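Going by full-length UniProt numbering, the first residue of the sequence shown is number 1, and it counts up by one from there.
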Amino acid sequence: MTKPVDWMQEARNIHWFEAPTRLLDDSNPPFYRWYPDGLTNACYNALDLHVAKGRGDQAALIVDSPVTGRGRSYSYAELLESVARCAGALAAQGVGLGDRVLIYMPMVAEAVIGMLACARLGAVHSVVFGGFASNELAVRINDATPRVILSASCGIEPTRTVAYKPLLDAAIDLAVHKPSTCIVLQRPELHADLLKGRDISWSDAMADAQMHACVPVPSNHPLYILYTSGTTGEPKGVVRDTAGSIVALKWSMKSIYNVEPGEVFWAASDVGWVVGHSYIVYGPLFSGNTTLLYEGKPVGTPDAGAFWRVIEQYQVSVLFTAPTAFRAIRKEDPQAGLMKNYDLGSLKSLFLAGERCDPDTLNWAQEQLSIPVIDHWWQTETGWPICANCLGIEPLPVVPGSPARAVPGYDVVVLDEQGEVVTDDSIGALTIRLPLPPGTFTTLWNADERYQKAYFSRFPGYYETGDAGYIDEQGYVFVMARTDDVINVAGHRLSTGAMEEVLAAHPDVAECAVIGVADALKGQLPLGLIVLSDGVERDYSDIVTEIIASVRENIGPVAVFKQCYVVKRLPKTRSGKILRATMRSIADKQPYRVPATIDDPAILEEISALITPRD
Ligand SMILES: CCC(=O)SCCNC(=O)CCNC(=O)[C@H](O)C(C)(C)COP(=O)(O)OP(=O)(O)OC[C@H]1O[C@@H](n2cnc3c(N)ncnc32)[C@H](O)[C@@H]1OP(=O)(O)O
1 MTKPVDWMQE ARNIHWFEAP TRLLDDSNPP FYRWYPDGLT NACYNALDLH
51 VAKGRGDQAA LIVDSPVTGR GRSYSYAELL ESVARCAGAL AAQGVGLGDR
101 VLIYMPMVAE AVIGMLACAR LGAVHSVVFG GFASNELAVR INDATPRVIL
151 SASCGIEPTR TVAYKPLLDA AIDLAVHKPS TCIVLQRPEL HADLLKGRDI
201 SWSDAMADAQ MHACVPVPSN HPLYILYTSG TTGEPKGVVR DTAGSIVALK
251 WSMKSIYNVE PGEVFWAASD VGWVVGHSYI VYGPLFSGNT TLLYEGKPVG
301 TPDAGAFWRV IEQYQVSVLF TAPTAFRAIR KEDPQAGLMK NYDLGSLKSL
351 FLAGERCDPD TLNWAQEQLS IPVIDHWWQT ETGWPICANC LGIEPLPVVP
401 GSPARAVPGY DVVVLDEQGE VVTDDSIGAL TIRLPLPPGT FTTLWNADER
451 YQKAYFSRFP GYYETGDAGY IDEQGYVFVM ARTDDVINVA GHRLSTGAME
501 EVLAAHPDVA ECAVIGVADA LKGQLPLGLI VLSDGVERDY SDIVTEIIAS
551 VRENIGPVAV FKQCYVVKRL PKTRSGKILR ATMRSIADKQ PYRVPATIDD
601 PAILEEISAL ITPRD
């Protein structure tokens with residue numbers, strides 16, 4: 001049995017302006033508050049502390065951009081200077097304690113600098129992934145109501161330059177809330193037109209800026225808001241507090257990932273996802289590591305050897321990525337021939353998360369790399385791993401298909417439909433007994449009630465993860481499926497509800513459903529089914545093309561919505577509930593039972609004929 005964590009003891013490893021005397025305020029569940037009477041600052045813990053302790057010359061951040069061919073390394077002292085200046089630039093625009101700053105940027109150093117500058121001021125950042133389109137951005141602008149937006153002229157994808165500024169302008173046009181200032185990084189690949197009176201170029205904003213000191217903030221002051229998909233189209237603004245995040249992330253770097261200060265940690269994800277927040281930016285910097293920001297892909301930039309090149313070039317100790325990245329590499333280079341061109345001697349372990357890791361991918365990675373390959377499970381809501389093989393505590397045997405055991409701090413419990421604890425290895429709802437450990441979400445932005453209802457109401461006393469699974473006799477957890485309609489496409493959590501809203505808005509569509517179907521490369525892909533309104537006589541293929549384009553335009557390319565079928569009717573229960581799970585089983589060629597409450601079983605045959613892939 002692993003020892004529980006002494007979170008008060010762990011809190012002594014971070015810098016406080018005023019150390020807390022209390023560990024946990026549990027007077028108002030589920031709104032738990034860790035270290036309620038402390039004062040700290042996340043940026044101080046990420047940068048100033050290390051410079052003060054003599055780590056100023058060590059590389060803090062390395063940027064590698066294979067398509068542009070540019071790269072740069074920032075020492076802790078250099079990064080501190082850039083961040084303090086950016087904080088000064090934001091303060092000059094009126095940003096202060098508690099103000100929101102939205103960051104819509106590609107994988108450039110300035111995205112990290114902007115995040116840390118917000119933390120320095122006690123401003124609350126909200127980073128939006130670049131693969132989301134204007135409409136999704138507008139929804140987030142309206143909810144977070146940022147005073148300032150940080151953006152860039154463009155992002156770089158392998159085969160195209162993505163102009164960010166027109167997407168930003170369109171989002172601000174759509175949004176009810178208007179930011180007072182946009183600070184825009186002009187990249188050499190594309191110049192953005194700036195709107196007089198509202199937009200400032202990044203270089204102009206930084207040129208006159210004064211360096212700004214860290215603002216001490218209460219432990220529970222929000223560090224950031226990060227939007228994630230829920231069952232409905234409306235994203236949920238996950239709120240992370242300051243002190244709990246610093247303590248938990250710092251603890252996780254050694255205890256879970258087993259890295260020492262000074263080692264190079266690479267999370268090959270995007271700053272727009274929680275992995276980017278926790279393990280590109282905050283975790284590695286809190287722990288004095290060198291972190292890598294990679295503006296490339298596992299394949300195509302330029303080939304399936306890209307990851308091996310980066311590992312060798314920067315002497316990466318630990319790599320963290322999504323299984324889909326390894327599936328992409330394996331597809332292009334099944335024998336991992338390109339790996340042999342590089343010296344991977346620095347790499348101690350590979351961690352995989354973001355989606356269920358299929359044993360095949362895990363075994364392949366382990367065979368090729370001959371190092372521990374660790375699947376682990378966590379969520380945007382938790383901010384750091386729920387289940388993992390904690391290499392820094394006690395490495396456990398790897399069981400493919402399981403992210404190992406609950407990490408100390410999380411009491412994972414399987415509950416049945418009635419909320420009773422499942423004691424054998426039957427599948428049920430994966431829940432976590434309250435309180436959640438430090439560093440997990442403290443509420444949803446502007447939505448305390450939704451926080452309570454969505455996560456804590458079905459099983460009082462437990463956090464409902466939305467995943468279903470079981471725990472075996474050895475305590476290994478197996479995460480099998482979602483219990484809602486959220487899907488996972490290439491490690492990206494997406495709402496089918498949001499896609500259905502787009503489909504339903506098409507003038508020819510009377511009814512629709514979007515389901516996630518299994519895909520060998522991306523894990524899942526969305527598939528749309530539409531019923532046309534009476535009297536529509538247009539060519540079906542034109543309608544489908546319009547709908548596919550509309551999802552890309554409204555949600556973004558990240559949705560990878562490319563399959564849509566016109567059907568005569570949708571299968572439903574007699575009470576009118578669309579049978580999405582049954583259709584998903586049909587599409588995945590999984591056995592299914594015709595629900596007793598189905599309106600008309602013949603519909604399933606019609607759907608099956610359309611969507612079941614031919615062998
Ligand atoms: C544990 C807690 C969590 O789960 S946090 C989430 C963890 N998930 C991850 O880290 C994501 C892992 N996935 C990836 O990094 C990518 O999907 C990988 C595997 C590299 C594949 O990338 P790619 O080939 O671009 O496919 P994709 O499905 O990601 O992209 C689909 C279309 O979207 C586009 N896209 C992607 N990113 C951006 C961006 N930042 N800005 C603008 N566009 C973007 C892609 O270009 C692609 O477009 P297109 O349809 O090909 O034209």
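Here a beta-carbon is modelled for each residue, glycine too, at the ideal position from N, C-alpha and C.
For clarity, every value in this text was computed on a predicted model and none was experimentally measured.
- For the options ARG22, ASP599, VAL217 and GLU136, the alpha carbon positioned closest to that of ILE555 is the one of GLU136.
- By the neighbour-count criterion, in which 16 or more other beta carbons inside 10 Å mark a residue as buried, ALA602 falls on the exposed side.
- Between GLU464 and VAL238, the C-beta spacing is not below 9 Å.
- Taken in chain order, the whole alpha helix (DSSP H) runs of length 4 or more contained in the segment 353-416 are 359-369.
- By the CB criterion at 9 Å, LEU292 and PHE326 fall outside the cutoff.
- For GLY469, the CB stays at least 8 Å from every heavy atom of ligand 1.
- The residues ILE578, LEU579 and ASP599, in chain order, have a CB closer than 7 Å to that of LYS572 in the same chain once the five nearest residues on each side in sequence are set aside.
- For ASP519 and CYS214, the gap between their C-alpha atoms comes out near 47 Å.
- Around MET211, the same chain offers ALA84, ARG85 and GLY88 as residues with beta carbons nearer than 6 Å, after the five sequence neighbours per side are excluded.
- Buried is the label assigned to HIS277, since at least 16 other Cβ atoms lie within 10 Å of its Cβ.
- Annotated three-state conformation of CYS154 is strand, per DSSP.
- Less than 9 Å separates the beta-carbon of LEU570 from that of ILE607.
- Annotation for VAL63: no alpha helix (DSSP H) segment contains it, though the beta strand (DSSP E) segment containing it runs 59-65.
- When rounded, the separation of the alpha-carbon atoms in GLY71 and SER153 is 18 Å.
- For LEU223 against ALA111, the beta-carbon gap comes to about 16 Å, at or over 8 Å, which does not count as contact.
- Within its own chain, the residues whose Cβ lies closer than 7 Å to the Cβ of SER134, once the five positions on either side in sequence are excluded, are LEU167, ALA170, ALA171 and LEU174, listed in chain order.
- Of the candidates ILE547, ALA59 and PHE17, PHE17 places its Cα closest to the Cα of THR40.
- The alpha helix (DSSP H) runs of length 4 or more contained entirely in the segment 152-214 are, from start to end of the chain, 164-174 and 202-207.
- Counting only the Cα atoms, ASP448 lies some 42 Å from LYS348.
- Runs of the alpha helix (DSSP H) lying entirely within the segment 250-301 and spanning at least 4 residues, in chain order: 283-286.
- Exclusion of HIS506 from the 8 Å shell around ligand 1 follows from its C-beta lying no nearer than that to any non-hydrogen atom of the ligand.
- Bridge partners of PRO557 according to DSSP: none are assigned.
- Ligand 1 approaches THR380 closely enough that one of its heavy atoms is under 8 Å from the residue's Cβ.
- TYR565 has LEU529 as its beta-bridge partners, per DSSP.
- Proximity of the beta carbon of ASP270 to ligand 1 is indicated: a heavy atom of the ligand is located closer than 8 Å.
- Take SER180, set aside five residues on each side of it, and the residues of its chain with a beta-carbon closer than 8 Å to its own are GLN93, GLY94, ARG147, VAL148 and ARG198, in chain order.
- The DSSP assignment places complete alpha helix (DSSP H) segments of no fewer than 4 residues inside the segment 13-76 at 49-52, in order along the chain.
- In the same chain as SER252, and ignoring 5 residues on each side of it, the C-beta atoms closer than 7 Å to its own belong to GLY283, TRP384 and PRO385, in chain order.
- Beta-bridge partners of LYS572 (DSSP): ILE578.
- Per the coordinates, the alpha-carbon of VAL217 lies some 14 Å from the alpha-carbon of TRP34.
- Our two residues, LEU285 and VAL127, have alpha carbons roughly 18 Å apart in a direct line.
- Look at GLY428 here: in three-state DSSP terms it is strand.
- Judged by DSSP in its simplified three-state form, VAL422 adopts coil rather than helix or strand.
- In the structure shown, the three-state DSSP call for VAL95 is coil.
- Relative to ligand 1, the beta carbon of MET107 is positioned inside 8 Å of a heavy atom.
- Separation of LEU352 and VAL259 (C-alpha to C-alpha, rounded to the nearest whole angstrom) is 16 Å.
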